[in-house]
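Q: For this note's numbering, add 974 to where a residue sits in the sequence shown, where the first one is 1.
Here it is, the structure, as structure tokens.
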Amino acid sequence: NLAAGPNRIWFTLPLQKMRDVLVSDFKVTPLDRLVRTPVFGDGWYAQETVPEGTFRWMGDRATVLIAARTPMHHTLSIDFLNTPYAKTVQVVMNGSIVLEHQVLAATRIRIPVELKQDENIVELVPKEGCRRPVDEGLSTDTRCLSFRVHNMSLDAS
975 NLAAGPNRIW FTLPLQKMRD VLVSDFKVTP LDRLVRTPVF GDGWYAQETV
1025 PEGTFRWMGD RATVLIAART PMHHTLSIDF LNTPYAKTVQ VVMNGSIVLE
1075 HQVLAATRIR IPVELKQDEN IVELVPKEGC RRPVDEGLST DTRCLSFRVH
1125 NMSLDAS
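Okay, structure coming up:
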């Protein structure tokens, strides 16, 4: 949430699910340092590491929050690792679909975005939804998974 006042501060509460308990890590970042740093919102699982690097699984819808001190043009880059589950991602920016893209292998998508002042909400939506590996006979993992996101960045256009 964005705190009002002359010295605005962005409060980030990333959630990690540990068994059946939600644990939050509290972090405070000055707003002027967050213009280029997307913050994970709802719909993400804890960070994992594989030989290709670190990533987070998405569920059936994942949000990213971006704060901007003034309206501006940027390019949002998202790196996906290959996945056996979802194939098409919709990127929704502040309620409007800005991209629909097939992710068939490790892929980087770059999206020009118009950031409004203060809070911007990016949603990543797998058109095929998410699937549970346990239902596919692939593992005992009961999470509902769609895409593996390796990196996300925001660059000035």
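Glycine included, every Cβ here is placed at the ideal spot set by N, Cα and C.
Keep in mind the model is a prediction, meaning the values are calculated, not measured.
With V1096 as the anchor, note down where its beta strand (DSSP E) starts and where it stops.
A: Position 122 of the sequence shown, counting from 1, holds the residue named residue 1096. Residues 1092-1100.
Q: Give the straight-line distance between the Cα atoms of P1045 and L1089, rounded to the nearest whole angstrom.
A: For this step, residue 1045 is matched to residue 71 along the sequence shown. For this step, residue 1089 is matched to residue 115 along the sequence shown. Going by the C-alpha atoms only, they are around 5 angstroms apart.
Q: Between the alpha carbons of D1109 and T1116, how many angstroms are there, rounded?
A: Along the sequence shown, read from residue 1 onward, the residue named residue 1109 stands at position 135. Along the sequence shown, read from residue 1 onward, the residue named residue 1116 stands at position 142. Distance between the alpha carbons of D1109 and T1116 is about 8 angstroms.
Q: Give me, in chain order, the residues of the same chain whose beta-carbon lies closer than 6 angstroms to that of C1104; leave out the 5 immediate sequence neighbours on both sides.
A: For the purposes of this step, residue 1104 is taken as the residue at position 130 of the sequence shown. Once the five neighbours on either side are set aside, the close Cβ partners of C1104 are G1033, D1034, C1118, L1119, S1120.
Q: Would you tell me roughly how many angstroms separate the C-alpha atoms of F1029 and I1052, rounded to the nearest one?
A: Counted from its first residue, the sequence shown places residue 1029 at position 55. Counted from its first residue, the sequence shown places residue 1052 at position 78. The alpha-carbon atoms of F1029 and I1052 are separated by roughly 11 angstroms.
Q: Could you check if L1078 is buried or exposed, using at least 16 other CB atoms within 10 Å of its CB as the buried criterion?
A: Taking the first residue of the sequence shown as 1, we reach residue 1078 at position 104. Exposed, since its Cβ has fewer than 16 Cβ neighbours within 10 Å.
Q: Tell me where the beta strand (DSSP E) around P1086 begins and ends.
A: Locating residue 1086 in the sequence shown gives position 112, counting from the first residue. Per DSSP, P1086 belongs to the beta strand (DSSP E) from 1081-1089.
Q: To the nearest angstrom, how far is the alpha carbon of V1096 from that of G1027?
A: Indexing the sequence shown from 1 puts residue 1096 at position 122. Indexing the sequence shown from 1 puts residue 1027 at position 53. Cα-Cα distance, rounded: 23 angstroms.
Q: Give me whichever residues DSSP pairs with L1039 in a beta bridge.
A: For the purposes of this step, residue 1039 is taken as residue 65 along the sequence shown, with counting starting at 1. According to DSSP, which records beta bridges pairwise, L1039 is partnered with V1013, I1095.
Q: With DSSP collapsed to three states, give me the class of E1074.
A: Residue mapping note: residue 1074 aligns to position 100 of the sequence shown, counting from 1. Of the three classes helix, strand and coil, the one that applies to E1074 here is strand, per DSSP.
Q: So for E1110, helix, strand or coil by DSSP?
A: Locating residue 1110 in the sequence shown gives position 136, where the first residue counts as 1. In the structure shown, E1110 sits in a helix (DSSP, three-state: H, G or I).
Q: Check N1056 in the structure and name its three-state DSSP category.
A: By one-based count along the sequence shown, residue 1056 stands at place 82. Looking at N1056 - three-state DSSP - the assignment turns out to be coil, as it is neither helix nor strand.
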